[in-house]
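Enquirer: These protein sequence lines map, in sequence, to chains B and C. If you're matching positions, the first sequence starts at 7 in our numbering and goes up one per residue. If you're matching positions, the second sequence starts at 1222 in our numbering and goes up one per residue. Backbone N, C-alpha and C define an ideal beta-carbon position, used for all residues, glycine too.
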Amino acid sequence: MTILTGKAEARRRLQPDRLGVLRKIWEHRADYAYVLPAIAVMLIVIAYPIYYTIELSFFNTPPGLQLRDKIFVGIDNYTAILTSPVFWKVTSNTLIWTLGSTLISFVLGFACALALHRDFVGRGILRAILIIPWVISAVAASYIWKWIYHSDFGIIGAVLVGLGLTDRPPNFIDSVSTVLPSLIVVNIWREFPFAMIMMMAGLQTVPDQLLRAAKVDGANAWQRFWHVTFPHLRNVSTVTILLLAVANFNSFIIPWIMTGGGPSNASHIWITHIYELAFGRQRWGVASAYSVLLFLILMSLGYFYVRALSGNEQRGGGE
Amino acid sequence: MTRISLGRAVLRGTVSTALMVSLMSVPALGAPVDLSKWSPEYVRSIAGTQDFDTAGDCAKVTPLDYKGRLTFWYQGVFEGDPDLLRQYYKDFFETFRKTYPNIQLEEQALTYNDLLDKFRTALLGNAAPMAVRLQILGGTEFASKGYLQPLKPEDVGYSTEDFWPGAMKAVTWDGVTYGIPTNNETMAFIWNADVFKRAGLDPDKAPATWDDVVKYSKQIHDKLGIAGYGLVARKNAGNTPYRFMPQLWAYGGGVFDEATASPTYKQVELNSAQSKAALQASYDMYVRDKSVPVSALTNQQADNQPLFLAGQLGMMISHPSDYNVMLDLQKKTTGSDKEKAQTVIDNMRYGLIPTGPDGKRAVVFGGSNIHILKPEYVEGGKVDEPAAKAIICMWTSPEWSLKMAYAGSNPGNLNGFKTKWMKERLDNIKFLDVTTSMLPYGIPFPALPQSPEIMNIIVPDMLQNALTGAMSVDQAADDAAKKVKALMDGGL
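(1) In whole angstroms, give me the CA-to-CA distance for H1540/C and A1523/C.
(2) Could you check whether the Cβ of K1561/C sits closer than 8 angstroms to any Cβ belonging to chain B?
(3) Which term fits T1403/C, buried or exposed, when burial requires 16 or more other beta carbons within 10 angstroms of its beta carbon?
(4) Could you give the DSSP three-state label for N1492/C: helix, strand or coil?
(5) Counting only beta-carbon atoms, is V51/B nearer than 8 angstroms to chain C?
(6) Establish whether the CB of M1241/C and some CB of chain B are separated by less than 8 angstroms.
(7) Taking 8 angstroms as the threshold (C-beta atoms), are A1517/C and A1420/C in contact?
(8) Tell me which residues of the region 276-294 of chain B have at least one Cβ-Cβ distance to chain C shorter than 8 angstroms, keeping chain order.
(9) Taking C-beta to C-beta, are V1585/C and P1596/C nearer than 8 angstroms?
(10) Given a cut-off of 8 angstroms, decide if A1409/C and F1652/C are closer than it, judged by their beta-carbon atoms.
(11) Please report the straight-line C-alpha distance between W140/B and A1583/C, rounded to a whole angstrom.
(12) Per DSSP, R1290/C forms a beta bridge with which residues?
(13) With 16 as the cutoff for other CB atoms within 10 Å, does T29/B come out buried or exposed?
(14) Please classify T211/B: is it buried, with 16 or more other beta-carbons within 10 angstroms of its beta-carbon, or exposed?
(15) To the nearest angstrom, how far is the alpha carbon of G1556/C from that of N1413/C?
(16) G342/B and Q1671/C look like a contact to me (Cβ under 8 angstroms); what is the Cβ gap, rounded to whole Å?
(17) Going by DSSP, what residue range makes up the alpha helix (DSSP H) through T1320/C?
(18) Grab me the residues of M305/B's own chain with a C-beta within less than 6 angstroms of its C-beta, minus the 5 sequence neighbours each way, in chain order.
(19) Can you name the residues that DSSP bridges to N1347/C?
(20) Run through DSSP, which three-state label would Q288/B get?
(21) Could you check the C-alpha separation between A1364/C and M1351/C for me, to the nearest Å?
(22) Answer with yes or no whether the minimum CB distance from T89/B to chain C is below 8 angstroms.
(23) So, for A201/B: in the same chain, excluding its five sequence neighbours on each side, which residues have a beta-carbon less than 6 angstroms away from its beta-carbon?
(24) Evaluate Y1472/C with the Cβ neighbour count: other Cβ atoms within 10 Å of its Cβ, from every protein chain shown; 16 or more gives buried, anything less gives exposed.
(25) Which residue or residues does DSSP assign as beta-bridge partners of G1572/C?
(26) Using 8 angstroms as the Cβ pair cut-off and three pairs as the minimum, do the region 1679-1689 of chain C and the region 1296-1307 of chain C touch?
(27) Please report the straight-line C-alpha distance between L315/B and L239/B, rounded to a whole angstrom.
(28) Can you give me the Cβ contacts of T1381/C inside the same chain, cut-off strictly under 8 angstroms, excluding the 5 residues immediately before and after it?
(29) Would the region 1433-1445 of chain C count as touching the region 1552-1569 of chain C if we require 3 or more Cβ pairs under 8 angstroms?
(30) T1461/C to D1695/C, Cα distance in whole Å?
(31) Can you round the beta-carbon distance between A1691/C and V182/B to whole angstroms, since I take them to be within the 8 angstroms contact cut?
(32) Going along chain C in order, which residues have a C-beta closer than 7 angstroms to the C-beta of S270/B?
(33) Any idea if V312/B is buried or exposed, counting beta-carbon neighbours within 10 angstroms, 16 or more meaning buried?
(34) Work out the CA separation of I277/B and F1317/C for me, nearest whole Å.
(35) Please classify L1358/C: does DSSP put it in a helix, a strand, or coil?
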């Protein structure tokens, strides 16, 4: 009798109506069957690499050994990273790169969006021209700018020398003090059109009647912008800034092609440093530890991005 | 013409003596080409003396009607190579397809700087090609990790003695041979005679020592306002160690003891007084005298070429192919630029790379090797060995190892020097004698799995740290030595 009671109890426990989440899954089992292949692919191409990177971050991978012969070192890779002066240099470069590129791109893009929101002759052509940097491939842009900056052949150096402002062409990307700002300029040039497009789209949603009402109430142009337009664009601004920040934090092409992280690590950001550690130096363990840290940082940014998006949805995309 | 004769006269004495001394100990005296007699004159005397039937020889390794499939990656031509080389690469693959019509060949060319990274990545995913032609620096790394199959010249119908002993060292790990040299190179010192003349230097005389290079570079810059010496210090680019190591070795320095007759690679020498003196010379040119291109830290040799052609650079280290590159570049110029470029070409001079203070002369013994992968690391898990051996036999044949190195370096297979194409090449490629004369001074990179990181990352880092002022010369050298030691100790 006891056994039978136990079986009955077990059956009772497995009843879908008693199982919360499992019940929901059970009830929607047909829906889940549809997404199962996608989930399987996601597990293979996303979850497993993440797991493997985390695993590798606890191993040493000396250049003379195959990856499968890796040596377990516990948290040594993390300790090595955090005690290395290169880590702090690369982190500070990454912050300057990300913040500088993101904020200036956003402000410039926003300013252009405001200017192009007005109706004037040639607005369409100007819009098209301003979008060009964004549609040019990052690789091509990097090579173009490398030549523009080049101290021996570059146009900037030639103009400065030609005008007699300097007797030797400046070494924009060969100097530790100017390389990062020079790369940020290129990045901004490429990215501000994205911010511009986003903000132009946002500006289309600002209700005219509000602006007209503010004008009737005596608000000047600045007051109308600050008290009506800007608050209305808060959400689109947040999303734009977050997207730019994530893209910049993870941006590889421009710094890698133009300088390879040099000179003397002055333009290495996290992602280029990770690439060099892994593919140039085969320090898969240390590179993985860096990647895990990078992953955590980007997940945090992603969290804010999702929150900003859900805020948008709750407000119906506008106020 | 007078200048070349003068160059030959100088070479005749120095080269013959140096070659005799340096190669007498090499166990290759019974080789098909007698290395102990090696000199530009000797090369001329053997050129065109023997005919080779490439298809016939390779048919003995892999029958010409063999049916198979081959995936093959190779370090191909890049922007700094002459058009002549491009044509020979094209010809090679066309000929291979005609010779072995039933082998389905899927080849992929990669640039010098991309090949190692891409190949490593492919190996990690067991997605490598069946055969690969790698730069000389890479072979040991992959052999030591067990990715490569044992492969020696005898496996494709040749003899080990048909190849440079130094090159064979670079494909040997733990006593086993894992590849065959396709080409071997030593570079030369190139200068613009007109620039020298205008700067008050002897237009027909290369700087004798590296201290002279520093002095000449400053003089050229001070008098003419152009860059004196074409310093290259880009990171993760093969050009940098190929230009800095000859300087380091000439001063008596080294990463280890690789410049000695029997290197042990035990003691790190990057922070020795001699190594520091070499680094100081680069510092003096870049920082103190500002006599080298400002862009040296991001430049590759390909950036120095147009600078030289434009008459904006006095001296550089490079291949004989640079002469052909200049001709190619000149063809693309128009108007007065064309004339200006011709003047530079007419004033192009080649000489031996300068010595250090103690008369030591050195150059990197470079080149490439060809390898077969183990099946477990190859995409699909299978290696078509006969197909791989067919392409390797053809590439390392006297004919093609010469043609594929036509303007740039020397054939890996020494019998290439005996072919009619070598004779033709000696007549067509100017300054070939000079780079051939540098061969006895060639020092291979240490045959260690850590060499790519040392040469492509640590050494350029050391240069950049010193040249940017991020560290003093002493600190940069000490830092680099520390990194090499940590690397050799298997540190993180």
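Expert: With the structure as the only source:
(1) 12 angstroms
(2) no
(3) buried
(4) coil
(5) no
(6) With a pLDDT of only 38 at M1241/C, under the threshold of 50, the placement of this residue in the model should not be trusted, and no figure is reported.
(7) no
(8) E282, F285, G286, R287, Q288, R289, G291 and V292
(9) no
(10) yes
(11) 49 angstroms
(12) Q1325/C
(13) First, the amino acid is wrong: residue 29/B is Arg here, not Thr. R29/B is exposed by the Cβ-count criterion.
(14) exposed
(15) 22 angstroms
(16) This structure gives no information on residue 342/B, because the portion of chain B shown stretches from 7 to 325.
(17) D1304 to T1320
(18) none
(19) For N1347/C, which the question treats as bridged, DSSP gives no partner whatsoever.
(20) coil
(21) 15 angstroms
(22) no
(23) S111, F112, G115 and T246
(24) buried
(25) F1410/C
(26) no
(27) 13 angstroms
(28) K1373, P1374, E1375, M1389 and T1398
(29) no
(30) 20 angstroms
(31) 6 angstroms
(32) Q1685, N1686, T1689 and A1691
(33) exposed
(34) 42 angstroms
(35) coil
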